[in-house]
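In this note's numbering, the protein residues as written are 56 to 373. To start, the structure under review is shown below, and the notes come after it.
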């Protein structure tokens, strides 16, 4: 009988110990499951309310405009004035020059024509008026234009719902973190909280990007300098051609001068070497030859020839 009582007491102690070891895990898991359940309930509520409150469409507007001009500087100034006087902002700008094929001379021209490319961001409310100002022909002749829109209503609505759901989860996890007293519970809740915050930040970044694309439309503008417009109605005047000719002549004169300077610099070491040789002969070799009695044979020949010429001249006079 005594042995049976001892065995019963040992079994009871073992069961109590096992229950104590698993208490932390059993207490922590309901906290996390409760927070996730509340987030799911909040997501369901947000889905219902979001469908009711999001009545307007969220559209991203884009357009592309290509212009041409024969008076590049004046047209560029007018274009920049239109941008600066309105609400448009330059996000990207690139200006470059390139040569062209001259069909009159059947050769590649030395002239270089400018091309200006810009990406503009403008508030959606000003998109239509500004696009009309670019394409009505007042600034430059229109070559081509295209426009489009993208509906991102569902994407924005989905992001709003997911962010609100995560916010509810974060709030509940913070409450559980304040109530937790066990170290293991605190660690597990904190890990879940960190993961939720990271996910929320990623969603909010995507949400902000979409909202910016919707609130500010994008217009790509390309301005090309040409010698003659597509319709042939306007060409460069004689004065424009004369100014361009003088300008190109000046550029070519500068190029020739630069090439001459570079050539002089290139042959300068050889000229310096010749000067050194002459100085060595003049001040070293020549005095030595004179000291030993060696005269310049060329000089004697020149003197003899001069005497003969003088004698012939005297004979003719006599």
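Think of the CB as a built atom: it goes at the ideal place given N, C-alpha and C, for glycine as much as any other residue. These numbers come from a predicted model, not from an experiment.
Checklist entry - Can you list, in chain order, the stretches of the beta strand (DSSP E) that have 3 or more residues and sit fully within the stretch 260-325? => result 271-280
Next on the checklist: Which residue marks the beginning of the alpha helix (DSSP H) containing residue 208, and which one marks its end?
Outcome noted: 208-234
Checklist entry - Looking at the unbroken alpha helix (DSSP H) that takes in residue 138, where does it start and where does it end? => result 127-140
Next on the checklist: Using only the alpha-carbon positions, how far apart do residue 259 and residue 189 sit?
Outcome noted: 35 Å
Checklist entry - Is residue 143 helix, strand or coil when you go by DSSP? => result coil
Next on the checklist: Based on DSSP bridge pairs, tell me the residues matched to residue 203.
Outcome noted: 117
Item to check | For residue 211, the nearest candidate out of 115, 154, 200 (CA to CA) | outcome: 115
Next on the checklist: Measuring only the C-alpha atoms, how far is residue 317 from residue 120?
Outcome noted: 45 Å
Item to check | Range covered by the alpha helix (DSSP H) that runs through residue 188 | outcome: 182-190
Checklist entry - Is DSSP giving residue 155 helix, strand or coil here? => result coil
Next on the checklist: Quick check on residue 148: does DSSP put it in helix, strand or coil?
Outcome noted: strand
Item to check | Assigned secondary structure, residue 167 (DSSP; H/G/I helix, E/B strand, else coil) | outcome: coil
Item to check | From 253, 192, 194, 209, residue whose alpha carbon lies closest to that of residue 222 | outcome: 253
Item to check | Separation of residue 306 from residue 130, as counted between CA atoms | outcome: 24 Å
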